[in-house]
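Everything in the sequence shown is counted per the working numbering, starting at 533 for the first residue and increasing by one.
Heads up, the thing below is written out as structure tokens.
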Amino acid sequence: NLVENMYSKALEDARIKSFFEKNKAKVTTIKKKMSQFMGGIFGGPSAYDNNDLRPMHYGMNVSDFHFDAILDIIRGVLKEIGAKPKDVADALMILQPVRADITTGYTVRMEMARKNVEKGKD
């Protein structure tokens, strides 16, 4: 299962494991939402509302660095399960449009901090 393998690898990855180290109930919820999201984004049935992506991730401080780390994991898992190189590339391309929804909170805070530094407020 893509999500199970991805989650296990995320827990081993120092770049992003803090986002995934949660209590059992939270882990179950996260995996369920990830499965719903992945199913929908790759053309299958989905009960996931993509409008939830931005507010759900806004306060998490997920940066492009973290997003790229999860893409690295997804790439590796897809290769492990025997996906063809073109399918791996297509899957990663399909995931790119949600980058802004997932990283917006971090981006907004960084821009605010930059402006404060410019104004001498920080």
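Here a beta-carbon is modelled for each residue, glycine too, at the ideal position from N, C-alpha and C.
- For residue 573, the enclosing alpha helix (DSSP H) stretches over residues 556-573.
- Segment contact: the stretch 582-593 against the stretch 634-641, three or more CB-CB distances shorter than 8 Å; contact assigned.
- Linking residue 571 to residue 578 through their CA atoms gives a straight-line distance of about 6 Å.
- Note that the stretch 622-635 does not touch the stretch 549-568; fewer than 3 beta-carbon pairs, one per stretch, sit closer than 8 Å.
- When the beta-carbon positions are compared, residue 554 and residue 609 stay at least 8 Å from each other.
- Under the three-state reduction of DSSP, residue 594 is assigned to coil, being neither helix nor strand.
- Cβ neighbours of residue 562 within its own chain (closer than 8 Å, five residues either side excluded): 539, 552, 554.
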